[in-house]
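**Student:** According to our numbering, the stretch in the sequence shown is residues 35 to 280, in order. Take this structure first; my questions come after.
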Amino acid sequence: VVDLVRERFDLYYVGLFLVDQSGDWAGKPSRWVVLRAGTGDAGRALLRSGHKLEIGGSSMIGWCVAHKPPRGALDVGTEAVRFGNPLLPETRSELALPLVSRGEAIGALSIQSSHAAAFGEQDIAVFQTMADQLANAICNADLYEQAQETQERAEAASRAKSTFLANMSHELRTPLNAILGFARLIAREPALPASVQENVGIITRSGEHLYALINQVLDLSKIEAGQATLDPTDMDLHRLLDDVEE
């Protein structure tokens, strides 16, 4: 963006500052705006040095972020409002344009020209409109990134849940197979009283029902993982109705 603006409007320098969100301010607003992009060798040198300005301080950028209207210096050689930068010796005019989105100043755009009185009221209006669009684009990009991170966390949580359910289902099936196996062995005893046979039958049917539920949990895990497969099988309708009745 800064390179395009500089080339399109034949400017000397363009810099983009954003409010510093990296520190822990204990719930308080940040005190600094940090340079995030700058044109030319000066911009690269300022980026390497971690150039930042105090919000509400004596700089034009800090002032416009704190108060939100744009601020200009049309002749930096005579106006005390603007402090010179040794890396930008040819600056003669500068505009500090706040980046405001949803009523909040998220940063500022520094536009500098090598000509005195380079910016009229119409120029300022055009640049401020451009800055407003840029602020909205930056905020939308941040919101998209946050949404992506939220989605990734949700997907990771879903995968963890599916893995947990699959592991637990396998762990539950192991003792359940033992219960069903011994219940079927007991049912084969010829001398069992009728009441015991009935109870063993209830244990077997309940165990098989629980086994089916566990398999359904595994099927749900496969569906969530996109690995579901069709497994057609016969069913005993009379047996199902008996189970429902019991």
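For glycine and all other residues, C-beta sits at the position ideal for the given N, C-alpha and C. None of these values were measured; they are calculated from a predicted model.
Taking buried to mean at least 16 other C-beta atoms within 10 Å of its own C-beta, is residue 269 buried or exposed?
**Tutor:** Counting Cβ neighbours within 10 Å, residue 269 comes out exposed, since fewer than 16 surround it.
**Student:** Considering only the alpha carbon of each residue, which of 262, 79 and 274 lies closest to residue 242?
**Tutor:** Closest option to residue 242, Cα to Cα, is 274.
**Student:** Using 8 Å for Cβ pairs, my map puts residue 65 next to residue 89. What's the rounded Cβ distance?
**Tutor:** 6 Å between Cβ atoms; contact.
**Student:** As an exercise, report each continuous beta strand (DSSP E) stretch of at least 3 residues that is fully enclosed by the stretch 41–77, in chain order.
**Tutor:** Segments of the beta strand (DSSP E) lying fully in the stretch 41–77: 47–53 and 66–72.
**Student:** Of all the beta strand (DSSP E) runs that stay within the bounds of the stretch 122–147, which reach a length of 3 or more residues?
**Tutor:** If we require 3 residues or more, the beta strand (DSSP E) runs fully inside the stretch 122–147 come out as 127–135 and 138–147.
**Student:** Run through the DSSP bridge pairs and tell me what residue 88 is partnered with.
**Tutor:** The partner list for residue 88 (beta bridge, DSSP) reads 66.
**Student:** With a cut-off of 8 Å on the beta carbons, I'd call residue 142 and residue 198 a contact; round off their distance for me.
**Tutor:** 48 Å between Cβ atoms; not a contact.
**Student:** Residue 200 by DSSP, collapsed to three states: which one?
**Tutor:** Here residue 200 sits in helix by DSSP.
**Student:** Residue 132: buried (16+ other C-beta within 10 angstroms of its C-beta) or exposed?
**Tutor:** Burial call: buried.
**Student:** Rounded C-beta distance between residue 36 and residue 72? I'm assuming under 8 Å.
**Tutor:** 6 Å between Cβ atoms; contact.
**Student:** Would you mind sorting residue 163 into buried or exposed? The rule is 16 or more other CB atoms within 10 Å of its CB.
**Tutor:** Answer is exposed; the Cβ neighbour count stays below 16.
**Student:** Excluding the 5 residues flanking residue 121 on each side, which residues of the same chain have their C-beta closer than 6 Å to its C-beta?
**Tutor:** Correct list, in chain order: 76 and 79.
**Student:** With DSSP as the reference, please indicate the residues paired to residue 106 in a beta bridge.
**Tutor:** According to DSSP, residue 106 bridges with 129.
**Student:** Whose CA, out of 134, 74 and 56, lies closest to the CA of residue 48?
**Tutor:** Measuring from the Cα of residue 48, the nearest candidate turns out to be 74.
**Student:** Closest to residue 41 by CA distance: which of 146, 217, 223 and 108 is it?
**Tutor:** Checked all of 146, 217, 223 and 108; the closest Cα to residue 41 is 146.
**Student:** Quick one: what's got a C-beta closer than 6 Å to residue 233's C-beta in the same chain, skipping five residues either side?
**Tutor:** No residues qualify anywhere along the chain.
**Student:** Measure from the alpha carbon of residue 138 to the alpha carbon of each residue in 158, 129, 166 and 127, then state which is nearest.
**Tutor:** Nearest of 158, 129, 166 and 127 to residue 138, Cα basis: 166.
**Student:** Grab the span of the alpha helix (DSSP H) containing residue 258 for me, first residue to last.
**Tutor:** Element bounds for residue 258: 228–258.
**Student:** Is it the case that the stretch 203–217 contacts the stretch 244–252, given that we only count it when at least three CB pairs across the two stretches are under 8 Å?
**Tutor:** The answer is yes - the stretch 203–217 touches the stretch 244–252, with three or more Cβ pairs under 8 Å.
**Student:** Measuring only between beta-carbons, confirm whether residue 172 sits less than 8 Å from chain B.
**Tutor:** The structure shown contains no chain B; it is built from a single protein chain.
**Student:** Would you mind sorting residue 106 into buried or exposed? The rule is 16 or more other CB atoms within 10 Å of its CB.
**Tutor:** That one is buried.
**Student:** On the CB-based measure, 16 or more other CB atoms within 10 Å of its CB, does residue 259 come out buried or exposed?
**Tutor:** Burial call: exposed.
**Student:** Residue 128: buried (16+ other C-beta within 10 angstroms of its C-beta) or exposed?
**Tutor:** Residue 128 is buried by the Cβ-count criterion.
**Student:** DSSP on residue 268, reduced to helix/strand/coil?
**Tutor:** Looking at residue 268 - three-state DSSP - the assignment turns out to be coil, as it is neither helix nor strand.
**Student:** Of all the options 238, 231 and 223, which has the alpha carbon lying nearest to the alpha carbon of residue 212?
**Tutor:** Nearest option by C-alpha distance: 238.
**Student:** Would you call residue 236 buried or exposed, if buried means 16 or more other Cβ atoms sit within 10 Å of its Cβ?
**Tutor:** By the 10 Å Cβ count, residue 236 comes out exposed.
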